[in-house]
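Under my numbering, read the sequence shown as residues 1 to 123, first letter to last.
Note that CB positions come from ideal geometry on N, CA and C, so glycine has one too.
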Amino acid sequence: MEPEDLIISDKDYIRLARLENSALLAYELSRAYVVPADQVPTNVVSMNARVTYLDESNGLRREVELVFPEDANVEHGKISVLSPVGLALLGLREGQSIDWSFPNNRSRSLRVLSVAIPNQKEA
């Protein structure tokens, strides 16, 4: 299942488009609605957002921060947008779920439970 209304801010789109090493990211960007950063709904997973999600495949609930690759630090809950989970969550809204294929050829269903957007000055 692919949510059709993937939303990404223009600011994030420009920076993400520079990360050319991911065919999956390119695909996600190609199907996204790009909107001005100040018009992205606060319930949408965007860069630097704190996201609580449920892996419906195994019942595990996690909270992560979606960051650019150079800022990733799994020990501190900061996951790269290029990671399988990061790519799956990018642009989803609270309540949406997505079935996503992972490198081990397993499909997992992830549901966004909550999104906390940082202060724009921090982002």
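Sequence-distant residues of the same chain with beta carbon closer than 8 Å to residue i, five excluded per side
{"i": "P41", "result": "I7 and R93"}
{"i": "L29", "result": "I8, Y13, L16 and A17"}
{"i": "G103", "result": "Strictly speaking, residue 103 in this sequence is Pro, with Gly absent from that position. For P103, where only same-chain residues beyond five positions count, the Cβ hits under 8 Å are P84."}
{"i": "I79", "result": "V64, E65, L66, V67, A72, V85 and G86"}
{"i": "L60", "result": "L54"}
Helix, strand or coil at residue i [DSSP, three-state]
{"i": "I14", "result": "helix"}
{"i": "A72", "result": "coil"}
{"i": "A116", "result": "strand"}
{"i": "V34", "result": "strand"}
Beta-carbon spacing of residue i, residue j below 9 Å
{"i": "A23", "j": "V115", "result": "no"}
{"i": "S46", "j": "G77", "result": "no"}
{"i": "D10", "j": "V34", "result": "yes"}
{"i": "V74", "j": "L25", "result": "no"}
Cβ-based neighbour list, residue i, same chain, cut-off 7 Å, excluding 5 preceding and 5 following
{"i": "R31", "result": "L6"}
{"i": "R108", "result": "D55, S57, W100 and F102"}
Between the CA atoms of residue j and residue i - distance to the nearest angstrom
{"i": "L113", "j": "R106", "result": "22 Å"}
{"i": "R70", "j": "T52", "result": "The sequence as given places Glu at residue 70; Arg does not occur at that position. So the alpha carbons of these two residues sit roughly 22 Å apart."}
{"i": "R111", "j": "Q39", "result": "23 Å"}
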